[in-house]
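The opening residue of the sequence shown carries number 100 in the numbering used here; numbering runs sequentially from there.
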Amino acid sequence: MELLRLSVNFDDMEPIYFIPFAIIFIGGAFLIGFIRNRNFDRKEKLHKNLAVRLGLSLSYQSEEDFLIFGTYKDYKVRLETIEIRTRDNQDGIPALKWNIPMINPQLKILRIAKDNPSYPQLTSLAYLDRPVNMAHDLGEWLSITTNDLMFGSILLSDDLKISLFEVFNPIEGGLLYIDGEELAIVRPHLILKEEDMKWYQKGLDLICDIKDELNS
């Protein structure tokens, strides 16, 4: 109704009064478009800078629809947007995932999680029916579970534990896992500023270090 009355008022206006309103309307629309386009360019530049920094390729549509891929430290890697949902398939949220493919014939599973009630969706990834908790000294905020205690114990060297602390301590929630033919790190957070770009580089370095441990 407000829009209808507004259009009627414009129709009844004398041309001399209508012109300033038209200029303000067009100028406002132009300003909004300019701000949105500038914000889009800023986010795209962050993603481009990350890809260039890592020597990878980028396919970009938006901050929620992009792919960074290529070879990094001799591994095929990809950073992509995913949607994660709770185990009852409700409340989906966007997240970003670094992935390295791997061979896992014995179906070992390892979950390293910084849980947060705000992100219950993380519990649906690399789900374990009968998780074995691994003791560690990194803090109660980090849980490490597996389906093979010996596998997890051999994998997590002291150097890797230090890297785990540095990657997971600053963020609100996230998950690193080995499940099936995938080694991945997931964070329900997009790349919106410089600090985010730096974190995703650290996350990639961490899973590459784990891949090195698996290959040694």
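Here a beta-carbon is modelled for each residue, glycine too, at the ideal position from N, C-alpha and C. Nothing here was measured: the structure is a model prediction, and the numbers come from that model.
Around the C-beta of Leu-151, are 16 or more other C-beta atoms found within 10 angstroms, so that it is buried, or is it exposed?
The residue you asked about is not Leu; residue 151 is Val in the sequence shown. It is exposed - the Cβ of Val-151 has fewer than 16 other Cβ atoms within 10 Å.
What three-state label does DSSP hand Asp-278 in the structure shown?
strand
Mind checking Gln-220: buried by the 16 CB within 10 Å criterion, or exposed?
buried
Cβ separation of Ile-290 and Leu-149, assumed to be a contact under 8 Å, to the nearest whole Å
7 Å
For Thr-222, I'd like the list of residues in its chain whose CB is within less than 7 Å of its CB, leaving aside the five on either flank, ordered along the chain.
Arg-186
CB contact flag (Ile-270, Ile-199, <8 Å)
no
Assign Met-249 to one of two classes, buried (16 or more other C-beta atoms within 10 Å of its C-beta) or exposed (fewer than that).
exposed
For Thr-180, tell me which candidate among His-235, Glu-162, Phe-267 has the shortest Cα-Cα distance.
Glu-162
What residue range does the beta strand (DSSP E) around Ser-156 cover?
156 to 161
Between the stretch 240 to 255 and the stretch 198 to 212, can you find at least three pairs of beta-carbon atoms closer than 8 Å?
yes
Could you tell me the distance, in whole angstroms, from the CA atom of Val-176 to the CA atom of Gln-300?
12 Å
Within 10 angstroms of its Cβ, does Phe-133 collect 16 or more other Cβ (buried), or is it exposed?
In this prediction, Phe-133 scores a pLDDT of 42, lower than 50, which makes its location untrustworthy; the coordinate-derived value is nonetheless stated afterwards. Exposed is the call here.
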